[in-house]
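Numbered by my numbering, the letters in the sequence shown go through residues 12 to 395 in order.
The beta carbon of each residue, even a glycine, is placed where N, CA and C say it ideally should be.
To start, the structure under review is shown below, and the notes come after it.
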Amino acid sequence: MTGITQLAEADSAGQVARHVLRFGPVPRGAVARALGLSAGSLTRLGSALLDAGVLVETDPVTDPVTRRPTRPLDVALDAHRVLGVALAAGSAWGVVTDLRAGVRGRACVSLTGATPEAVLDAVAALAGELGVPRPDAVGLAVDGQVDAAGRVQADVLGRRPPVDLAGPLREATGAEVVVRDELTCATRTEHWTGLGREYTGFAVLALGAGVGHGLVVADRVVDSPDAGLQPLGHLPLEATGPRCPRGHRGCVTALLGTPALLAAAQVATGLPTTWSELLADAVDGDRRARQVLDDAAAHLGRLVALVAGVTGVDQVLLVGEGADLAVVGHDALRAALDDHRDPRARPVELTVRDHDPHDWARGAAGAAAQAFATGPRWLAGVSR
């Protein structure tokens, strides 16, 4: 076999393995149809991947197209482990996952300082607690800006110039390493293991202290070095609205950030409150709490309509600690969304994820798993 032929075979095997990773378990015929492969080519490639332990066969089923019995292919999920870590003020949240970002364990340790050394110590502590001293890949998600080389500028690291975290993590772990902002990690993971299994385009809106967004178009994540800066958060929504901490009047952060909503609730009720208390009061029928959240939900509906109209997607995922706003204020959100969208346009479908701080760590693990699966290590044992 010539060198060029070997490269072509390796590339085809990688395509098969990654398709099964994303969509498996999947019948052989479906893999062949999706990738444009002949039955003979798929048999040859599949056999090599099975022999190498990259793929496994599952219980027999009937192919929905051919109506013939087949043994679907799936990834050998127990063969690899990925460590995902998300940093927050004073804490590092961690998960260990398989290559499909299925969580197999979770932990949280203290982040003892705002230095790269403290981050490395926290990653090592999480790896120990989760029983993965030598993970195949490590993902680190931060609330901040990360450049292509893995240099991070984030509040959790203090007010300092960008610092390299990717390099020291690779040296310490010997693993595939991905360091990115939280939302990019979450969007990449959702693309491979969540909504992306059904839809080739969707938007992710993260609601919390700020408002960030991720985007998938034509089955590709729209990547931006500014994603960690949450550029959507200062888009103007209401000309007469309140100002955000940066002085922007009526921007997304001023109208939808949880600190802004808690401040509005205190003005309305005369009492300080927490986010969970505000949600509970609105559900229990408190008129003032309900008004604050309905106003915010209407602004969220307007933002969703804007995002859907500009990007062309009709699937929007809401994540983060503030995502429950879409549940409690559903009617106000939907009314505003419909009001700001052409009635002839496709309806926008909303998905709300329950929030858990470990979700950001799972996003980091998913992004690292994707990098591992698209690199040379995963298929190193496949015969050429």
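Range covered by the alpha helix (DSSP H) that runs through residue i
i: cysteine 119; result: Counting along the chain, cysteine 119 falls outside any alpha helix (DSSP H), though it belongs to the beta strand (DSSP E) covering 114-121.
i: valine 338; result: 336-339
i: glutamate 182; result: 177-184
i: leucine 46; result: 39-46
Test item: CB-CB of residue i and residue j under 9 Å
i: threonine 280; j: alanine 300; result: yes
i: valine 153; j: glycine 95; result: no
i: leucine 304; j: alanine 334; result: no
i: threonine 184; j: alanine 138; result: yes
i: alanine 238; j: leucine 328; result: no
i: alanine 125; j: valine 167; result: yes
i: alanine 293; j: glycine 331; result: no
i: alanine 376; j: threonine 251; result: no
i: alanine 337; j: valine 363; result: yes
i: valine 422; j: leucine 53; result: Here the chain has residues from 12 to 395 only, and residue 422 is not among them.
i: aspartate 62; j: proline 38; result: no
i: valine 27; j: glycine 57; result: yes
i: valine 228; j: valine 72; result: no
i: glutamine 326; j: tyrosine 210; result: yes
Straight-line gap, residue i to residue j (C-alpha atoms, nearest Å)
i: isoleucine 15; j: glycine 25; result: With a pLDDT of 38 at isoleucine 15, under the threshold of 50, the predicted position of this residue should be treated as unreliable, and no value is reported.
i: alanine 380; j: alanine 274; result: 40 Å
i: alanine 90; j: arginine 111; result: 12 Å
i: glycine 212; j: leucine 206; result: 9 Å
i: serine 235; j: threonine 195; result: 9 Å
i: threonine 13; j: leucine 88; result: Because the pLDDT at threonine 13 is just 48, under 50, the model does not fix this residue reliably, and the value given afterwards should be weighed accordingly. Rounded to the nearest angstrom, the two C-alpha atoms are 32 Å apart.
i: proline 242; j: valine 233; result: 14 Å
i: glutamine 156; j: glycine 105; result: 20 Å
i: arginine 55; j: glycine 47; result: 14 Å
i: alanine 391; j: leucine 289; result: 53 Å
i: tryptophan 203; j: proline 172; result: 33 Å
i: leucine 18; j: valine 393; result: Since pLDDT at leucine 18 reaches only 42, below the 50 mark, its modelled position is unreliable, and no value is offered.
i: alanine 43; j: threonine 123; result: 51 Å
i: alanine 378; j: glycine 320; result: 28 Å
i: tryptophan 371; j: valine 222; result: 15 Å
i: alanine 346; j: leucine 98; result: 36 Å
i: histidine 224; j: valine 143; result: 31 Å
i: alanine 384; j: proline 283; result: 48 Å
i: glycine 258; j: leucine 314; result: 20 Å
i: aspartate 297; j: leucine 216; result: 27 Å
i: arginine 357; j: leucine 317; result: 14 Å
i: glutamate 360; j: glycine 244; result: 22 Å
i: arginine 352; j: leucine 226; result: 19 Å
i: aspartate 295; j: proline 270; result: 22 Å
Among the options, the one whose alpha carbon lies nearest that of residue i
i: leucine 178; options: Glu193, Glu187 and Arg170; result: Here the sequence assigns glycine to residue 178, which means leucine is not the residue at that position. The option with the nearest alpha carbon to glycine 178 is Glu187.
i: aspartate 70; options: Arg78, Leu84, Arg79 and Gly64; result: Leu84
i: proline 247; options: Gly239, Glu209 and Ala265; result: Ala265
i: glutamine 164; options: Leu329, Leu60 and Leu240; result: Leu240
i: arginine 373; options: Leu53, Asp192 and Pro75; result: Asp192
i: proline 253; options: Leu243, Gly113, Val278 and Asp230; result: Val278
i: glycine 219; options: Asp74, Gly51 and Asp365; result: Asp365
i: valine 263; options: Leu311, Val86 and Pro368; result: Leu311
i: arginine 29; options: Gly333, Arg208 and Leu344; result: Arg208
i: leucine 272; options: Asp306, His259, Val318 and Val31; result: Asp306
i: aspartate 1; options: Leu141, Leu176 and Leu168; result: Here the chain comprises residues numbered 12 to 395, so residue 1 is not present and cannot be evaluated.
i: arginine 260; options: Val65, Trp371 and Glu249; result: Glu249
i: alanine 133; options: Ala103, Glu140 and Leu180; result: Ala103
i: proline 127; options: Asp62, Val190, Gly258 and Gly320; result: Val190
i: arginine 231; options: Ser121, Gly161 and Thr198; result: Thr198
i: threonine 77; options: Ala382, Ala136, Leu282 and Gly40; result: Gly40
i: histidine 369; options: Gly116, Ser49, Pro36 and His245; result: Gly116
i: alanine 396; options: Leu267, Val324 and Leu216; result: Outside the shown range of the chain, which is 12 to 395, sits residue 396, and nothing can be said about it.
i: leucine 180; options: Tyr210, Val67, Asp147 and Val72; result: Asp147
i: alanine 100; options: Gly113, Val114 and Val120; result: Val120
i: proline 387; options: Val227, Val65 and Leu348; result: Val65
i: proline 36; options: Pro358, Ala50, Thr81 and Ala136; result: Thr81
i: alanine 118; options: Glu140, Leu361, Arg170 and Val130; result: Glu140
i: valine 130; options: Gly169, Ala316 and Arg355; result: Gly169
Span of the beta strand (DSSP E) around residue i
i: aspartate 85; result: 84-86
i: alanine 136; result: Here alanine 136 belongs to no beta strand (DSSP E); instead the alpha helix (DSSP H) covers 127-140.
i: glutamate 187; result: 187-192
i: valine 393; result: Taken as a continuous stretch (DSSP letters only), valine 393 belongs to no beta strand (DSSP E), as it is neither H nor E.
i: arginine 162; result: 162-165
i: alanine 159; result: Segment: none, alanine 159 is in no beta strand (DSSP E) and carries neither H nor E.
i: leucine 206; result: Unbroken run through leucine 206: none, as it is neither H nor E.
i: alanine 214; result: 213-218
i: valine 330; result: 326-330
Query - Continuous beta strand (DSSP E) assignments of at least 3 residues falling wholly in the stretch 348-390 - result: Listed in chain order, they are 360-363.
Query - Runs of alpha helix (DSSP H) wholly within the stretch 234-318 (minimum 4 residues, chain order) - result: Scanning the stretch 234-318 from its first residue to its last, the whole alpha helix (DSSP H) runs of 4-plus residues come out as 263-267, 269-280 and 286-294.
Report task. Give, in chain order, every unbroken run of the beta strand (DSSP E) that is at least 3 residues long and sits entirely within the stretch 56-108. Result -> Listed in chain order, they are 66-68, 84-86, 93-99 and 102-108.
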